[in-house]
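Going down the list, the sequences are from chains A and B.
So for the first sequence, the working numbering puts the first residue at 44; every next one is plus one.
So for the second sequence, the working numbering puts the first residue at 10; every next one is plus one.
Here's the structure we're looking at; comments come further down.
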Amino acid sequence: MRSDQSKLGFYLLLSPLLLWLVTLIILPHMGLFAVSISEKVGVREYETGFGNYAVFFNEPLYWRTFARTAIMSIMTTVLTLLLGFPIAYYIAKLMRGRAKTTLFLMCLIPFWVSELVRTFGWMILLRETGVLSNFLQFIGVIDGPVEFLYNDAAIMVGLVYTSILFMIVPLVTTLDSLDDSLIEAGYDLGGSGFSILREIVIPHAMPGIVSGCIVVFMLSLGNYLTPILLGGKDSLWFTGLIYTQFITRFNWELGSAFGFLLLALSSTIVFLGLKLSRQSLTNTMGR
Amino acid sequence: MIPTVPQSSVLKWSYRAYVTLFFVYLALPLSVVCVFAFNNSLFPSLPWEGFTLAWFFGTEAPFIGVFHERSILRAIGTSAFVAVWVAGLSVAVGTCNAFLFVRHDFRGKGMLYILMLLPLIIPGVILGISILVFASSVANTLEDATGLWFDGLRPGLILVILGQFSFITTFATLVISARLQKFDQSLEEAALNLGATRWGAVRQITLPFLLPAITGAGVVAVLMSFENFNTTLMLVGSDSPLTITMFDKLKHGSTPVLNAVSLLLIILSATLGVLSLIFQRSKNEK
């Protein structure tokens, strides 16, 4: 009787999970793949084949945008790690008590604010009539208004800004758990600052580094707002191409193929990252 | 590199300077957004034309403030509607998931746990289009079979809610599981010994213990739903939530009304964020 009841309870708990995963994650992605390998041959007539993928590889604009998106996302990830690590270290190891909480909170506030608002802020700062251009004219560095928006550097600034918090938070968490006495021991044994960083701090922070890098890479790769708003017409981003195929052109078959390629790319890189750092998804993401 | 180890003062000060610079970089975009909400000009850019509250309360064109701009008010309503549904659904499913993963051992648990984490590493745009494609094919099949219309499966608020729910549930599950793991199960056993039913014990003892995490997860879900863009963009129909409406306006040239909305959003999210931290703090003290 008792075990029957707990069995019933188990299935009652299992069903929402399965319902959610099957109808909103698994079936839609299988459906996406199915659509991506169907080619339109006539009105409401389709054939199975990899023609949509062939279109992608034969059209330089498509695969170049794809490669560009990937490379810029990797650059964003590296930059975010380099910029964020000292900050995370400062918060986790050099601050105590209230100051530490305050600094950490200050890092979190922009993360709570919508991405659109953050990007909008950068537009106000960087545009031709914007704050930076006016400030540089005011101090006499430049003579006339300069457009800082609509180039790759602006995209990078925006992407780093949007995602750096997702790097800092896991880094602070892992660095926080590193015992100070280990660092002291390193110095006692004659280690230099650099060797301690390499031998003690970075290995300890590895789960945080990996989880931060995965999230930042993912967010940059899948970003739509920042490249569209800060990058202008000439700087294409792969999610922009997907949007065009789906919403503007109504070519869902090609759009699905694009979507699947982006998914494959992001999963491959996440998988490689986990393998190379000997971490598992459960450890890094399911904290 | 730690306070107890002496460092040269040049190094120490350049480190501090870097940290200061970083926080300026962090604060700059949000500050300019807030400041330009009060600029008496038609564009959110310099020169500064004087202080005004017209972008909040103005009623006459072109100075129509947030509180009189109908399209923005409607979008805020839509966003709130979506957020309430998403938070409710994802907290409910997240709580079930937490009980399932923390309390039960079963075959395929590890596999299901990884599947549960997947939405974290699927780009939002892909989640959006996959749900769009799937819902449309289901709708087409049903319509061909029955001859009826299935508007709920076409782009619109239901799909937006489902799309956001699909990944916010993962966050809710993680937050609630973390708290459930800390629960001392002997308390529940004591209740059972005292004659409580299984469900009664969970309701009287475990759920109140989980309440801070459940509330925290709900607040996070509302915040994430409010600011979600990528998934929503692909699923939106004629009623658009705030982020989409603002994006459309931004593409067609911005006015300081957007700054005013953004300022309100910043205040709202900062308040909600601090609230969720307070809930988490009360959780740590227990």
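The beta carbon of each residue, even a glycine, is placed where N, CA and C say it ideally should be.
message: Distance cutoff 8 Å, beta carbons only. Does B:Met120 sit that close to anything in chain A?
response: On the second sequence, residue 120 of chain B is found 111 positions in, with the first residue counted as 1. So no, B:Met120 is outside the interface.
- prompt: Name the DSSP bridge partner or partners of A:Thr91?
  reply: Taking the first residue of the first sequence as 1, we reach residue 91 of chain A at position 48. Its beta-bridge partners are A:Ser81.
query: Between B:Ile223 and chain A, is there a C-beta pair that is closer than 8 Å?
result: The residue you call residue 223 of chain B lines up with position 214 of the second sequence. Chain A contact via Cβ: absent.
task: Could you check if A:Val313 is buried or exposed, using at least 16 other CB atoms within 10 Å of its CB as the buried criterion?
output: By one-based count along the first sequence, residue 313 of chain A stands at place 270. Result: buried.
field: the region 223-240 of chain B: positions lying closer than 8 Å to chain A by Cβ
entry: Correct list: Leu232, Phe235, Glu236, Phe238 and Asn239.
B:Lys295 (DSSP reduced to helix, strand or coil): Sequence index remark: in the second sequence, residue 295 of chain B carries index 286 (1-based). Bear in mind that a pLDDT of 42 at B:Lys295, under 50, signals an unreliable position, so the number given afterwards is only what the model happens to contain. Note: B:Lys295 maps to coil in three-state DSSP.
field: Three-state class that DSSP yields for B:Phe108 in the structure shown
entry: As a first step, residue 108 of chain B is located in the second sequence; it is residue number 99 there, counting from the start. Reduced to three states, the DSSP call for B:Phe108 is helix.
- prompt: Closer than 9 Å, Cβ to any Cβ of chain B: which residues of the region 54-70 of chain A, in chain order?
  reply: If the cut-off is 9 Å between Cβ atoms, the region 54-70 of chain A has Leu55, Leu56, Leu57, Ser58, Pro59, Leu60, Leu61, Leu62, Trp63, Leu64, Thr66, Leu67, Ile68, Ile69 and Leu70 near chain B.
- prompt: Comparing alpha-carbon positions, which option in A:Glu88, A:Leu104 and A:Lys83 lies nearest A:Asn95?
  reply: Stepping through the first sequence from its first residue, residue 95 of chain A is reached at position 52. Nearest C-alpha to A:Asn95: A:Lys83.
- request: Report buried or exposed for B:Val75, applying the criterion of at least 16 other Cβ atoms within 10 angstroms of its Cβ.
  value: Walking along the second sequence from the start, residue 75 of chain B turns up at place 66. By the 10 Å Cβ count, B:Val75 comes out buried.
message: Within a Cβ cutoff of 7 Å, which residues of the same chain sit near B:Lys295, ignoring the five residues on either side of it in sequence?
response: Taking the first residue of the second sequence as position 1, residue 295 of chain B is located at position 286. Reliability fails at B:Lys295, whose pLDDT of 42 lies under 50, so the model's placement of it is uncertain and the value that follows must be treated cautiously. Nothing meets the Cβ criterion.
query: What residues are listed by DSSP as bridge partners for B:Asn49?
result: Residue mapping note: residue 49 of chain B aligns to position 40 of the second sequence, counting from 1. Listed as beta-bridge partners of B:Asn49 by DSSP are no residues whatsoever.
message: Taking only three categories from DSSP, how would you classify A:Phe191?
response: Walking along the first sequence from the start, residue 191 of chain A turns up at place 148. A:Phe191: coil per DSSP, three-state reduction.
task: State yes or no: is the beta carbon of B:Asn202 nearer than 8 Å to at least one beta carbon in chain D?
output: Structure shown: chain D not included; protein chains present are A and B.
field: Interface positions of the region 101-127 of chain A facing chain B (Cβ-Cβ less than 8 Å), listed along the chain
entry: Leu126
- prompt: What residues of chain B sit near A:Pro129, judged by a beta carbon separation below 9 Å?
  reply: Translated into the one-based positions of the first sequence, residue 129 of chain A becomes position 86. Under the 9 Å cutoff, chain B gives Tyr24, Tyr27, Val28 and Phe31.
Status (buried if at least 16 other CB within 10 Å, exposed otherwise) for A:Leu317: By 1-based counting over the first sequence, the position of residue 317 of chain A is 274. Its Cβ being crowded by 16 or more others within 10 Å, A:Leu317 is buried.
message: If I follow the unbroken alpha helix (DSSP H) through B:Glu197, where does it start and stop?
response: Counting from one through the second sequence, the residue named residue 197 of chain B turns up at place 188. Segment Gln194 to Asn202, the alpha helix (DSSP H) holding B:Glu197.
message: Going by beta-carbon coordinates alone, are A:Gly298 and A:Ile285 separated by less than 8 Å?
response: As a position in the first sequence, residue 298 of chain A is number 255, starting the count at 1. As a position in the first sequence, residue 285 of chain A is number 242, starting the count at 1. For A:Gly298 and A:Ile285, yes; Cβs fall inside 8 Å.
- prompt: Does the distance from the CB of B:Phe45 to the CB of B:Asn268 come in under 8 Å?
  reply: Your numbering for residue 45 of chain B matches position 36 in the second sequence. Your numbering for residue 268 of chain B matches position 259 in the second sequence. In this structure, B:Phe45 places its C-beta atom within 8 Å of the C-beta atom of B:Asn268.
query: Would you say B:Phe235 and B:Ser18 are within 8 Å of each other, going by their C-beta atoms?
result: Translated into positions along the second sequence, residue 235 of chain B becomes position 226. Translated into positions along the second sequence, residue 18 of chain B becomes position 9. No, they are not a contact pair.
message: Does B:Phe159 come out as helix, strand or coil in the three-state DSSP assignment?
response: Residue 159 of chain B sits at position 150 when you count from the first residue of the second sequence. Secondary structure of B:Phe159 (DSSP, three-state): coil.
Under 7 Å by beta carbon: chain B residues contacting A:Gly183: Here residue 183 of chain A is taken as the residue at index 140 of the first sequence, counted from 1. Within chain B, no residue comes near A:Gly183; the closest Cβ sits about 16 Å away, beyond 7 Å.
query: Any residues in the region 243-259 of chain A with a beta carbon nearer than 7 Å to a beta carbon of chain B? Which ones, in chain order?
result: Ile257
query: In the structure shown, what three-state DSSP assignment does B:Phe60 receive?
result: The residue given as residue 60 of chain B occupies position 51 in the second sequence. Looking at B:Phe60 - three-state DSSP - the assignment turns out to be strand.
field: Buried/exposed call for B:Phe238, threshold 16 Cβ in 10 Å
entry: What you label residue 238 of chain B is simply residue 229 of the second sequence in a count that begins at 1. By the neighbour-count rule (16 or more Cβ atoms within 10 Å), B:Phe238 is buried.
- request: Output the distance between the C-alpha atoms of A:Phe109 and B:His77, rounded to the nearest integer angstrom.
  value: Start at 1 with the first residue of the first sequence, and residue 109 of chain A comes out as number 66. Start at 1 with the first residue of the second sequence, and residue 77 of chain B comes out as number 68. Rounded to the nearest angstrom, the two C-alpha atoms are 43 Å apart.
task: Identify the contact partners of B:His261 in chain A, using a Cβ-Cβ distance below 7 Å as the criterion.
output: Stepping through the second sequence from its first residue, residue 261 of chain B is reached at position 252. Per Cβ cutoff of 7 Å: no residues; B:His261 is ~12 Å from chain A at best.
message: Does A:Glu227 come out as helix, strand or coil in the three-state DSSP assignment?
response: Counting from 1 along the first sequence, the entry for residue 227 of chain A is found at position 184. Helix, per DSSP.
query: So A:Gln180 is in the alpha helix (DSSP H); what residue range does that whole segment cover?
result: Position 137 of the first sequence holds residue 180 of chain A. Looking at the DSSP string, the run of the alpha helix (DSSP H) that includes A:Gln180 is Val174 to Phe181.
- prompt: Taking 8 Å as the CB-CB limit, is B:Pro250 close to chain A?
  reply: The residue given as residue 250 of chain B occupies position 241 in the second sequence. At a cut-off of 8 Å between beta carbons, B:Pro250 makes no contact with chain A.
Best match in B:Phe176, B:Arg83 and B:Lys191 for proximity to B:Pro221 [C-alpha to C-alpha]: The sequence position of residue 221 of chain B within the second sequence is 212, counting from 1. If you compare the alpha carbons of B:Phe176, B:Arg83 and B:Lys191 with that of B:Pro221, the shortest gap goes to B:Lys191.
- prompt: Per DSSP, what kind of secondary structure is A:Asp222 in: helix, strand or coil?
  reply: Locating residue 222 of chain A in the first sequence gives position 179, where the first residue counts as 1. DSSP places A:Asp222 in coil when its eight states are reduced to three.
- prompt: In chain order, what residues of the same chain have a beta carbon less than 8 Å from the beta carbon of B:Ala210, not counting five sequence neighbours either side?
  reply: Locating residue 210 of chain B in the second sequence gives position 201, where the first residue counts as 1. Counting only Cβ-Cβ distances below 8 Å, and skipping sequence neighbours, we find Glu197, Ala200 and Leu201.
query: Hey, is B:Val142's beta-carbon within less than 8 Å of any beta-carbon in chain A?
result: Within the second sequence, numbered from 1, the residue matching residue 142 of chain B stands at position 133. B:Val142 counts as touching chain A.
- prompt: Apart from the five residues just before and just after B:Ala148, which ones in its own chain have a Cβ nearer than 7 Å to its Cβ?
  reply: Within the second sequence, numbered from 1, the residue matching residue 148 of chain B stands at position 139. If you ignore the 5 residues before and after B:Ala148, its C-beta comes within less than 7 Å of the C-beta of Phe159, Leu162 and Arg163, all in its own chain and listed in chain order.
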